[in-house]
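> In the numbering used here, the protein residues as written are 14 to 491.
C-beta: ideal position from N, C-alpha, C; glycine also.
Treat the numbers as computed from the prediction; the structure is a model and nothing was measured.
(1) Tell me the DSSP secondary structure of residue 437 in three-state form.
(2) Quick one: is the Cβ of residue 193 within less than 6 Å of any heavy atom of the ligand COA?
(3) With respect to the alpha helix (DSSP H) encompassing residue 486, which residues constitute its N-terminal and C-terminal limits?
(4) Does the pairing of the stretch 406-419 with the stretch 464-482 give three or more beta-carbon distances under 8 Å?
(5) Based on the DSSP secondary-structure assignment, which residues constitute the bridge partners of residue 124?
(6) Based on the DSSP output, what are the partners of residue 427 in its beta bridges?
(7) Out of curiosity, what's the CA-to-CA distance linking residue 360 and residue 223?
(8) DSSP has residue 147 in a bridge; who is on the other side?
(9) If we ignore side chains and look at the alpha-carbon of each, how far apart do residue 440 and residue 201 end up?
(10) Can you check which of these residues, 91, 234 and 121, is closest to residue 100 by C-alpha distance?
(11) Considering just the uninterrupted stretch of the beta strand (DSSP E) at residue 374, what are its terminal residues?
(12) Since residue 456 is in the beta strand (DSSP E), which residue starts that stretch and which ends it?
(13) Can we say the stretch 254-264 touches the stretch 55-65, given the rule of at least three CB pairs closer than 8 Å?
(14) Based on the DSSP output, what are the partners of residue 256 in its beta bridges?
(15) When the Cα of residue 217 is compared with those of 278, 451 and 285, which residue comes out closest?
(16) Report the rounded CA-to-CA distance for residue 111 versus residue 145, giving the unit in angstroms.
(17) By how many angstroms is the C-alpha of residue 153 removed from the C-alpha of residue 43?
(18) When you compare only the Cα positions, how much space is there between residue 376 and residue 424?
(19) Counting pairs of beta carbons, one from the stretch 336-344 and one from the stretch 304-321, are three or more of them closer than 8 Å?
(20) If you run the structure through DSSP and keep just helix, strand and coil, what is residue 353?
(21) Should residue 106 and residue 130 be called a contact, given that it needs their Cβ atoms to be closer than 7 Å?
(22) Could you check the C-alpha separation between residue 96 and residue 322 for me, to the nearest Å?
(23) In angstroms with no decimal places, state the Cα-to-Cα distance between residue 354 and residue 272.
(24) Can you look up residue 86 in the DSSP assignment and give me helix, strand or coil?
(25) What residues in its chain sit with their C-beta under 6 Å from that of residue 113, if we drop five residues either side in the sequence?
(26) Thinking just about the alpha-carbon of each residue, which of 466, 54 and 364 is nearest to the one in residue 148?
(27) Of all the options 296, 275, 290 and 347, which has the alpha carbon lying nearest to the alpha carbon of residue 366?
(28) Can you give me the C-alpha to C-alpha distance between residue 303 and residue 235, rounded to a whole angstrom?
(29) So, do the stretch 166-181 and the stretch 388-400 have three or more beta carbon pairs nearer to each other than 8 Å?
(30) Compare the beta carbon distance of residue 267 and residue 244 with 7 Å and say whether it is the shorter of the two.
(31) In three-state terms, what does DSSP make of residue 443?
(32) Please name the residue in 250, 206, 219 and 164 whose C-alpha comes closest to that of residue 197.
(33) By a C-beta neighbour count over all protein chains shown, 10 Å radius and 16 as the cutoff for buried, is residue 51 buried or exposed?
(34) Out of 155, 242 and 277, point me to the one whose CA is closest to residue 269's CA.
(35) Helix, strand or coil for residue 386, going by three-state DSSP, please let me know.
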């Protein structure tokens, strides 16, 4: 009798343990691989289709954490549908250079980066045809994780896209370390000389800088520990792109900034049109404890048709920061490439037809100084909220040293527009405005005495260290 009771107790204990284990195993991990998943389908906003799944294959090739990088690359080189199972992957760069490729990732997968780029989506060479119909997506409603494993200020770009059409990237959480690069990068194919080259006997800008991502969606992605000069997503070049449901902690969430403006910036040297940003929609973008949710700076590009809808920030300096190019009229830079020397003149770019829609909000929670700002923003901080004598050095530096700390400043800062009454804008000076007639701009938990329209400041609203209005000369000093 005792043996029967003991046997029964042991059986019950085993059953209970198995039940607990079943509860602890993620649903996707319990499912047999490959998991059923059909991709995003269509990505549509305001009646426009930005991405459509065109992969008809139903065959899926499985990747597990035990696979080597070379074996994974072989599977990617064949195209089709490649599915990553749950688990931890320690990998270098994976090149996606075949059309009709979908990478499906279990939401319980974790990637630890061993190289500066993880997913490199672009043709194999600069002369290869543009690739089409490429998708990276988390299976199901969650997000898989990427750990950048980089040094502060280093180079880590988990996803790079160039010269791809009909693409989608979705369902990713990126854990950064204030690296000096955007985490998801859309850029021209830059493997070539800057400035002008000779084509059919004519001097022309190098056309490879027009090989940019086109027609695609970036959605349901986020990042933490973003550097103040970079972002969850940055567009160095591209057109017809939808970005929605993107978040960021620190830094900037989305930067619409084609190039860097530095003398080593080949994108800016390739003329005003190649690689410029056209037909871009940002929807439901958020930021916390950072610089801005959306940052715009045109450098040398003429960019058109930008929609910013439902942009929010909490304890950041700005929800939207519209900056202006800094090139001077006599700008000229000499660069060397491949043994040749180029003299390049850059002109100021601008944004045209920028529309704000829906809720545009900046919220202050508590009194801690968690918002990041640059020295060019100093004169727009409410005078009563300034630190010390009002010098930039009077403010505490942020964690990685690129910015300083304050409380939320204003939802929309229009450094790109001199006076709120301006209706005409100088092409030479690179001025531009925004249409926010259908937006509800809100400052929540704080106010700025000079802001209008719920929270908009212009260049004229800057105040000196002694709280004096800027002179006309100071307003135009950029």
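Here's the rundown:
(1) Against the chain shown, residue 437 aligns to sequence position 424. Reduced to three states, the DSSP call for residue 437 is coil.
(2) The ligand content of the structure shown is nil, which means the ligand COA is not present either.
(3) For the purposes of this step, residue 486 is taken as residue 473 along the chain shown, with counting starting at 1. Residue 486 -> alpha helix (DSSP H) spans 485-488.
(4) Between the stretch 406-419 and the stretch 464-482, the count of Cβ pairs shorter than 8 Å is below three; the stretches do not touch.
(5) If you number the chain shown from 1, residue 124 lands on position 111. Under DSSP, the beta-bridge partners assigned to residue 124 are 102 and 159.
(6) The count along the chain shown starts at 1 and reaches residue 427 at position 414. Bridge partners of residue 427: 335 and 471.
(7) Here the question's residue 360 lines up with position 347 in the chain shown. Here the question's residue 223 lines up with position 210 in the chain shown. Near 18 Å, if we compare the C-alpha coordinates of residue 223 and residue 360.
(8) Along the chain shown, read from residue 1 onward, the residue named residue 147 stands at position 134. Answer is 114 and 180, bridged to residue 147.
(9) Taking the chain shown and counting its residues from 1, one reaches residue 440 at position 427. Taking the chain shown and counting its residues from 1, one reaches residue 201 at position 188. Residue 440 and residue 201 have their C-alpha atoms some 24 Å from each other.
(10) Taking the first residue of the chain shown as position 1, residue 100 is located at position 87. From the listed residues 91, 234 and 121, the smallest Cα separation to residue 100 is found for 121.
(11) To locate residue 374, count along the chain shown from 1; it is residue 361. First-last of the beta strand (DSSP E) with residue 374: 363-376.
(12) Taking the chain shown and counting its residues from 1, one reaches residue 456 at position 443. 448-457 is the extent of the beta strand (DSSP E) around residue 456.
(13) The stretch 254-264 and the stretch 55-65 touch, with no fewer than 3 CB-CB distances between them shorter than 8 Å.
(14) Translated into positions along the chain shown, residue 256 becomes position 243. 231 and 295.
(15) If you number the chain shown from 1, residue 217 lands on position 204. The shortest C-alpha separation from residue 217 is found at 285.
(16) To locate residue 111, count along the chain shown from 1; it is residue 98. To locate residue 145, count along the chain shown from 1; it is residue 132. In a straight line, the C-alpha of residue 111 is about 8 Å away from that of residue 145.
(17) Locating residue 43 in the chain shown gives position 30, where the first residue counts as 1. Locating residue 153 in the chain shown gives position 140, where the first residue counts as 1. With a pLDDT of 48 at residue 43, under the threshold of 50, the predicted position of this residue should be treated as unreliable, though the coordinate-derived value follows. Cα-Cα distance, rounded: 14 Å.
(18) The residue given as residue 376 occupies position 363 in the chain shown. The residue given as residue 424 occupies position 411 in the chain shown. Roughly 9 Å between the two C-alpha positions.
(19) Proximity of the stretch 336-344 to the stretch 304-321 meets the contact definition, three or more beta-carbon pairs being nearer than 8 Å.
(20) For this step, residue 353 is matched to residue 340 along the chain shown. Here residue 353 sits in strand by DSSP.
(21) As a working note, residue 106 is residue 93 in the chain shown. As a working note, residue 130 is residue 117 in the chain shown. Yes, the Cβ-Cβ distance between residue 106 and residue 130 is below 7 Å.
(22) In the chain shown, counting from the first residue as 1, residue 96 sits at position 83. In the chain shown, counting from the first residue as 1, residue 322 sits at position 309. Using only the alpha carbons, I get a separation of about 33 Å.
(23) By one-based count along the chain shown, residue 354 stands at place 341. By one-based count along the chain shown, residue 272 stands at place 259. Cα to Cα, residue 354 sits roughly 21 Å from residue 272.
(24) Indexing the chain shown from 1 puts residue 86 at position 73. In the structure shown, the three-state DSSP call for residue 86 is helix.
(25) Residue 113 sits at position 100 when you count from the first residue of the chain shown. Excluding five sequence positions before and after residue 113, the CB atoms of its chain that fall closer than 6 Å to its own CB belong to 68, 92 and 146, given in chain order.
(26) Along the chain shown, one-based indexing puts residue 148 at 135. For the residues 466, 54 and 364, the minimum Cα distance to residue 148 belongs to 54.
(27) Taking the chain shown and counting its residues from 1, one reaches residue 366 at position 353. Of all alpha-carbon atoms in 296, 275, 290 and 347, the one lying nearest the alpha-carbon of residue 366 is that of 290.
(28) Along the chain shown, read from residue 1 onward, the residue named residue 303 stands at position 290. Along the chain shown, read from residue 1 onward, the residue named residue 235 stands at position 222. Spanning the two alpha carbons is a distance of roughly 14 Å.
(29) Fewer than three beta-carbon pairs drawn from the stretch 166-181 and the stretch 388-400 are found closer than 8 Å, and the two stretches are therefore not classed as touching.
(30) To locate residue 267, count along the chain shown from 1; it is residue 254. To locate residue 244, count along the chain shown from 1; it is residue 231. Taking 7 Å as the Cβ cut-off, residue 267 and residue 244 qualify as a contacting pair.
(31) Position 430 of the chain shown, counted from the first residue, corresponds to residue 443. If DSSP states are grouped into helix, strand and coil, residue 443 belongs with coil.
(32) If you number the chain shown from 1, residue 197 lands on position 184. Residue 250 is the option with its Cα nearest to residue 197.
(33) Taking the first residue of the chain shown as position 1, residue 51 is located at position 38. Result: exposed.
(34) Residue 269 sits at position 256 when you count from the first residue of the chain shown. With distances taken between CA atoms, residue 269 lies nearest to 242 out of 155, 242 and 277.
(35) Taking the chain shown and counting its residues from 1, one reaches residue 386 at position 373. Under the three-state reduction of DSSP output, residue 386 falls in the strand class.
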